[in-house]
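Under our numbering, the sequence shown has 964 at position 863, and the numbering climbs by one with no breaks.
Ideal placement from N, C-alpha and C gives every residue a C-beta, glycine not left out.
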Amino acid sequence: MDSNEFFAVNVLLARNRKITKLGTAWPVTCRQSKCQRGFLQGSSRCPYHDGFDLLKIETCLCSHISTSVPCIRAAPARSEFADMAGDPGNKPSDVKVSSHASSPGGGWSMLVISCLILGASLRLAYHHTFRWVPAPKPDTAGAAEFSEQRALRHVHDLVNGIGDRQISSPGLPLATKYMMEQVRAIADSDYSRSDLEVQVDLETVSGAVAMSFTGINFTNAYRHLDNVVLKVTPKGLQGYPAVLISSHYDSAVCSKGASDDASQVAVMLELARTLVHRKDHLPATPVIFLWTGGEEAISPAGNGWAKYSKHYKDVGAFINLESMGGGGVPIIFQHTGAWVLSAFASGTPHPHGCRVAQDIFDLHLIPADSDFRMFSARHYGSLPGIDIAFVLDSTAYHSYLDTPERMRPGNLQEMGEALLGGISPVAQELARQHMASARKDPVERAVFFDVLGYFMVAYPDSLAYTIHNVPLALMMASPLVQTFTEGRPVGPGYARLLASAMRGLMTILGAVGLPALLAAARVLLLGRGATWHPKCMAVGSSAASSAVGSQPLDSWAARLSFVGAACVGLYVVVLLERMAMSGAGITVLADVLMGVLHGATLLASSCGALLPVLAYAIPGGHKRITATLLGFSVLLATWSHMSMQPYSPTAPKRVVVNHFVFDEADPAAPTNQHDQIIAMRTVNESIAIAGVDSTALEQAIDVSKFTRAPTMGREHDVVFPLTDMLRGIVVQPPVRRPEERSTAATAPATNSEGTAGSAATSAAGVGSGSSSGSGQAAPSPSPAPSQARTPWTRWFGAHQQQRQQREQEAAAAAAAAAAAAAQGAARGPAAPFVQLQGVEPVGCEGRAECDKHGKTRLHMRIYSEKPYWGILNITGRLVDWSFTRELAAAHAPSKPGSPTAPRTHIVRLTSQDPDPSWHFWVDVEAPATAESGTAASGKRGQWDVHVELSIVDLTRTEVLKDVLALLPDYMAETWLSTVHHSHWDI
């Protein structure tokens, strides 16, 4: 090696800051390369300028020194050679290559400084993303200003003044009355203005929509639901497309709905009042405010408004307001029509949102819905628009914890100011499109993200394909460019590129895979998952294991990593909180999902930026760091399992409780011929309790307080389509207190809602279920999880538990049969039922489903004396019906491969109609064996139609109160009802 070659290598190493002392010691790996060995021996097999290949030497040395720090891939200038060659102090005998930092303390200093800079950056991101809110304005603020204090009055009136506002509850009509009073007051507040037209409407809708929720097909039917409308039209803008702003004033079952959605209702009322009092800066188009009176039943009122409202045709774009918690951060989490998103973000002072949220929603990782789908052109509507929601503190979502006191001060002020700034550019864009007679694409979506709430970056998907693929193409072409410009061989260039890509891939897989594996191992070994924790505390094991897995990360990726940390981290926090309502699926999968999400978050924040610095500052210590972090992960996981309390009254376990009452027509009681009311009697009763997270119910409650009862598999049908997400137990109703037992024994008691009770059954405390015996295809009973803490003890005790359960079910069934035979309790005419009222033959015009036998129209009615929620399950060879134009089966034929097998059609019912009768018809194929009156499948009934009806009563009865009294205080009921179930063969 001549002096120039020697000093060239020296310069290359110095550029990479890996020189501590000049010397001649070469790494062993560099001497193993044939090319490099030939070069060291004076061969010209690696030609590069003067006969040496600096690139190959540098690649070999750098790959030996560190895999985390990038090497400078360029030859030194000849002047540098000369400078070093002329230095008499640099002798070949002094060359020495080292993998250590340039000074013993320099690496640690850089590590500390990097940590401080990164910590400050993440703290700033955290503050502006999670904590910052504007100061709430008092109620003494000017009339043209938005005031949170004024808006909070409406929240308190709806929550504390009215209370429960579910469909079928007495509070919903009171809320409708309150909303009409408030919007009329807004319309009359400045009635003398000649430059503004304010219109108020109360629209009542009935109808149905065929839809899919979490991949399950069903029909959502509704009757007599109210919507409140306020339209503000500036002078001269009649006929312009309007901006729609919507929210819902009903509340979820078992919740008074302060945040969801009384907070957004209040924001809209205050916003409408502010617009009416403004003398200038009015929107360039009309603004329609819509408050729907039924969203929690999967948006039936919103669908009715989109189908039947006279105002819908005047809408050009919409903004839907929702809430998943009172903790704040109003994010844009769904959109359709990229231009609406961009226009709104350009006007709002502090935009929040990220495409990640929409992707999470589209993948059904959060089983929820909103009125957005009913208006969106990508779903059931025809409009472009955005969906904005408060997302933090989902622990209170749909529970008794959703109170005004839990809402973060400043939330409503931020939302109001965002709307005041955002609707103006949306209206201006609509006005431009109207004057140009050209509407932009209502379906196109955009890639979007905010930068710490200061501004939002958004560009349509069509542009995103170019922006995101051009860098990839340039990177793939870089070895070819180097070949033509510098004469370098193509093969090694692509080899290095592939090696870098593999390191990046292994970084990602390691960061998200190792926490997932640790989570799975924890569940399998300890028998309980960690996703029960609705707080963001037990995440250290995922954090540390993610750090271990992301060791190969290149530093160039780390430099930009903290930019996405706030965006990704926000949604991981939301998902972690929502795991308390994620469904009782397979525990391992739930924990694995959370491990992946934590790994992705930490890769995008601290670990992604710090580990390359660690690799540089503490070379040779990777194994020690890995072992330390992995050990910390295991210890923290074990500690959280052994010592941390899984639930608390402020972070509860969610449960669904149904008092299941199985009714049938009483053959001993005559049917009332005047109004055709069928007398019903109770066959049996049971209590179904199910958890909605992945922790088994037996691990959270003392099941010895209950007596098991047989399961029918229909106990939770009323929460369809979320039925498959529940796992729990079916038990007998608790024994009544002595004073209640004596009262029930004297006469058939009637509760405050007018429904007669089953006296003998209640007195005996027996509530076993029994099979209907109808032969219909029913979902499998929900298995009760084992009380064992580990899979190994569950396996050894399985046979004994199954035998005990069979004995319990047999005893309960015998007791129920004896009680039913002894008392024959008639529930009376108040029990719901389905009734066939008429039959008529109809033609088969254009119906491919109708065979040569023709079809028959069956006129039926559902009877219930009170407004209700319900499920109607119709199994048969249906051709058409009156609910919707579409006839989509919810389940496949009971006989796969047989096109004539009966299909199941499920209708979700919500009714606020005072009329107890809901009339409908179905068209069925005429029976093939008309002379016998029995269908070929062997079911009883001339038309081979089996109908199951489940009607929900949300009244908090004494039986339900007794059940809740047996549950611990760290459980929160997210659904509580009495279900009247009956089935009919027609």
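- Under the three-pair Cβ rule at 8 Å, the region 550 to 567 does not count as touching the region 362 to 371.
- Around the beta carbon of Val582, fewer than 16 other beta carbons lie within 10 angstroms, which makes this residue exposed.
- Of the other Cβ atoms in all chains shown, fewer than 16 fall within 10 Å of the Cβ of Gly243; this residue is therefore exposed.
- Under the DSSP assignment, Thr230 falls outside any alpha helix (DSSP H); it carries neither an H nor an E label.
- In this structure Ser805 is exposed. Its beta-carbon is surrounded by fewer than 16 other beta-carbon atoms within 10 angstroms.
- Val416 is not a Cβ neighbour of Leu376, given a cutoff of 8 Å.
- Sequence-distant Cβ neighbours of Thr586 in its own chain, meaning closer than 6 Å and more than five residues away, do not exist here.
- As computed with DSSP, Pro561 is found in a beta bridge with Ala547.
- Scanning its chain for C-beta atoms nearer than 6 Å, with the 5 sequence neighbours on each side dropped, one finds around Phe763 the residues Val784, Asn785 and His1082, in chain order.
- Asp1054 has Thr1079 as its beta-bridge partners, per DSSP.
- The shortest CA-to-CA distance from Gly684 to any of Gly971, Ala797 and Lys408 is the one to Ala797.
- Across the structure, Arg254 and Leu502 are spaced so that their CA atoms are roughly 19 Å apart.
- For Cys355, the closest of Val757, Leu615, Gln833 and Glu506 by C-alpha to C-alpha distance is Val757.
- In this structure, Tyr323 and Pro401 form a Cβ contact; the two beta carbons are roughly 4 Å apart against a cut-off of 8 Å.
- Here Arg533 is exposed. Its C-beta has fewer than 16 other C-beta atoms within 10 Å.
- Close CB contacts of Gly522 within its chain, under the 7 Å cut and outside five residues either way in sequence, are with Gly448, Thr449 and Pro450 (chain order).
- Rounded to whole angstroms, the gap between the alpha carbons of Ser563 and Phe419 is 23 Å.
- Taking C-beta atoms as the reference points, Val441 and Val527 count as a pair closer than 8 Å.
- Taking one beta carbon from each stretch, the region 426 to 437 and the region 459 to 477 have 3 or more pairs nearer than 8 Å; the two touch.
- When Cβ pairs closer than 8 Å are counted between the two stretches, the region 957 to 974 is seen to touch the region 1011 to 1022, the count reaching three or more.
- Note that the region 978 to 990 touches the region 295 to 312; at least 3 beta-carbon pairs, one per stretch, sit closer than 8 Å.
- Under DSSP, Trp982 forms a beta bridge with Val1023.
- Cβ contact annotation for Ser525 (same chain, cutoff 8 Å, sequence separation greater than five): His382, Pro384, Ala385 and Gly448, in chain order.
- The count of Cβ pairs closer than 8 Å, one atom from the region 817 to 832 and one from the region 787 to 796, reaches three, so the stretches are in contact.
- Taken through DSSP and simplified to helix, strand or coil, His535 comes out as helix.
- Ranked by Cα distance from Val940, the options Pro1017, Ala1027 and Ser1018 are led by Ala1027.
- Exposed is the label assigned to Glu506, since fewer than 16 other Cβ atoms lie within 10 Å of its Cβ.
- C-alpha of Leu372 to C-alpha of Val299: approximately 14 Å in a straight line.
- CA-to-CA, the gap between Ile975 and Leu827 works out to about 23 Å.
- With distances taken between CA atoms, Val234 lies nearest to Phe491 out of Ala602, Val1046, Phe491 and Pro616.
- For Thr567, the closest alpha carbon among the candidates Val548, Gly732, Ala497 and Leu1055 is that of Val548.
- Distance between Thr729 and Met516, taken at the CA atoms: about 45 Å.
- Excluding its 5 nearest sequence neighbours in each direction, Ser248 has C-beta neighbours in its own chain below 7 Å: Lys238, Pro239, Asp240, Ala242 and Glu371, listed in chain order.
- Non-local C-beta neighbours of Val1064 in its own chain, meaning closer than 8 Å and more than five positions away in sequence, comprise Val758, His760, Ile788, Ile790, Pro834 and Pro835, ordered along the chain.
- Looking at the DSSP output, Pro942 sits in a beta bridge with Thr957.
- Rounded to whole angstroms, the separation of the alpha carbons of Phe733 and Met369 is 49 Å.
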